[in-house]
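Take the sequence shown: its position 13, counting from 1, is numbered 12 in numbering that gives the first Met the number 0, and each next residue is one higher. Think of the CB as a built atom: it goes at the ideal place given N, C-alpha and C, for glycine as much as any other residue. Data first, discussion second: the structure below is written as structure tokens.
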Amino acid sequence: MVIFVNSKQQEIAADSSLEKLVELLGMQEKKVAIEVNTELVTRGQWREFKLTEGDRIEIVTFVGGG
Numbered sequence: 000m001v002i003f004v005n006s007k008q009q010e011i012a013a014d015s016s017l018e019k020l021v022e023l024l025g026m027q028e029k030k031v032a033i034e035v036n037t038e039l040v041t042r043g044q045w046r047e048f049k050l051t052e053g054d055r056i057e058i059v060t061f062v063g064g065g
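Next up, the structure:
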């Protein structure tokens, strides 16, 4: 199925969860925040949150510094 991650088209397997998407993208779970269709999804929901065709996901990574 096709979804959009940070405005870029991404093809993923049907019945994928947010947790699987984070793994697929190689991102560290603890350093990102994710919105799906403008709604924030907490880290505790990622495993159970199933993505659907056409979802629009925004992923923000946190960068430390000084």
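#1: Roughly how many whole angstroms lie between the Cα atoms of residue 12 and residue 63?
#2: Work out the CA separation of residue 2 and residue 108 for me, nearest whole Å.
#3: Would you say residue 6 and residue 50 are within 8 Å of each other, going by their C-beta atoms?
#4: Could you give the first and the last residue of the continuous beta strand (DSSP E) run that contains residue 59?
#5: So if DSSP puts residue 3 in a beta bridge, which residue, or which two residues, is it bridged to?
Working from what's here:
#1: 33 Å
#2: Residue numbering for the chain in the displayed model covers 0 to 65; residue 108 lies beyond these limits and cannot be assessed.
#3: no
#4: That run of the beta strand (DSSP E) goes 55-60.
#5: 8, 55
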